[in-house]
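Below is one structure, written out as structure tokens; the observations come after it.
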Amino acid sequence: MSNPRPSVAGTSAAREPGARRWLSARFGRKQATHGIYAEIIVLAVILALQGKRSDTDIVSTIVGAVIAVLLAEAYADYLGTMIGTGRRPTWPELRSTLGVVLGSTVAVIPPILFVILGTAGVIGLDAGFTGAKAAGVAVIGAYALVANRRAGLSIFRSVVAAAFLVALAAGLVLLKHEFH
Numbered sequence: 399m400s401n402p403r404p405s406v407a408g409t410s411a412a413r414e415p416g417a418r419r420w421l422s423a424r425f426g427r428k429q430a431t432h433g434i435y436a437e438i439i440v441l442a443v444i445l446a447l448q449g450k451r452s453d454t455d456i457v458s459t460i461v462g463a464v465i466a467v468l469l470a471e472a473y474a475d476y477l478g479t480m481i482g483t484g485r486r487p488t489w490p491e492l493r494s495t496l497g498v499v500l501g502s503t504v505a506v507i508p509p510i511l512f513v514i515l516g517t518a519g520v521i522g523l524d525a526g527f528t529g530a531k532a533a534g535v536a537v538i539g540a541y542a543l544v545a546n547r548r549a550g551l552s553i554f555r556s557v558v559a560a561a562f563l564v565a566l567a568a569g570l571v572l573l574k575h576e577f578h
């Protein structure tokens with residue numbers, strides 16, 4: 399049975415209404431890949447920083463980690479294109495890569511925002527860290543839920559599968575934190 403949902407990579411995503419097009423752009427294959435990876439790294443950094451540094455060090459370390467991950471992804475994509483195609487990426491390919499990498503930052507904004515609110519004293523530092531972890535898990539869960547729905551699973555099966563994938567992502571975050 400064919401999937402009636404439009405392909406994000408195809409031209410049908412460009413014909414979707416504004417909000418749906420924005421969501422399709424956030425949940426495209428490359429954007430989702432980069433967003434989920436960045437989210438796991440940010441959550442591991444947040445876990446590592448909790449209770450260990452001053453407020454300004456916390457924010458600058460998280461922002462620095464995000465910038466490092468984004469630059470590493472762009473660099474890896476640049477080299478991967480050269481290895482895969484035997485040529486340097488064209489300007490449109492470079493713009494596309496930068497768009498995907500910058501677009502993936504949408505995934506890490508919620509946890510970073512909670513940490514910033516915590517370090518600024520708006521909600522308290524412990525509440526900021528707790529909110530950041532919850533927001534990160536929620537973002538990963540949203541990606542998992544959307545992925546399963548786009549794959550044609552029922553809402554119930556999508557929620558069950560997303561819960562499993564969130565647990566797996568939490569394990570990856572803890573593993574990354576443990577060996578950081």
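Using this note's numbering, the letters of the sequence shown map in sequence onto residues 399 to 578.
No residue lacks a Cβ here, since even glycine has one placed at the ideal position from N, Cα and C.
Since this is a predicted model, take the numbers as computed values, not measurements.
Would you call residue 490 buried or exposed, if buried means 16 or more other Cβ atoms sit within 10 Å of its Cβ?
Here residue 490 refers to the residue found at position 92 of the sequence shown. By the 10 Å Cβ count, residue 490 comes out exposed.
By the DSSP assignment, the alpha helix (DSSP H) with residue 485 in it spans what residues?
Taking the sequence shown and counting its residues from 1, the one referred to as residue 485 is at position 87. Per DSSP, residue 485 belongs to no alpha helix (DSSP H) and is neither H nor E.
By how many angstroms is the C-alpha of residue 561 removed from the C-alpha of residue 539?
On the sequence shown, position 141 is the one that residue 539 refers to. On the sequence shown, position 163 is the one that residue 561 refers to. Answer to the nearest angstrom: the Cα atoms are 7 Å apart.
Can you tell me whether DSSP reads residue 567 as helix, strand or coil?
For the purposes of this step, residue 567 is taken as residue 169 along the sequence shown, with counting starting at 1. It is helical.
Using the beta-carbon count (16 or more within 10 Å), is residue 558 buried or exposed?
Residue mapping note: residue 558 aligns to position 160 of the sequence shown, counting from 1. So residue 558 counts as exposed.
Return helix, strand or coil for residue 500, following the three-state DSSP convention.
As a working mapping, residue 500 is identified with position 102 in the sequence shown. Helix.
Leaving out the 5 sequence neighbours to the left and right, which residues in its chain are closer than 7 Å to residue 563 when beta-carbon positions are compared?
Translated into positions along the sequence shown, residue 563 becomes position 165. Within the same chain, residue 563 has close Cβ partners 542.
Report buried or exposed for residue 458, applying the criterion of at least 16 other Cβ atoms within 10 angstroms of its Cβ.
If you number the sequence shown from 1, residue 458 lands on position 60. Residue 458 is exposed by the Cβ-count criterion.
Does residue 405 come out as helix, strand or coil in the three-state DSSP assignment?
Within the sequence shown, numbered from 1, the residue matching residue 405 stands at position 7. Confidence is the limiting factor: at residue 405 the pLDDT is only 42, short of 50, which leaves the residue's position unreliable and the question unanswerable from this model.
I'd like to check one pair, residue 508 with residue 533: are the Cβ atoms closer than 8 Å?
In the sequence shown, residue 533 corresponds to position 135, counting from 1. In the sequence shown, residue 508 corresponds to position 110, counting from 1. Yes, Cβ-Cβ distance for residue 533 and residue 508 is below 8 Å.
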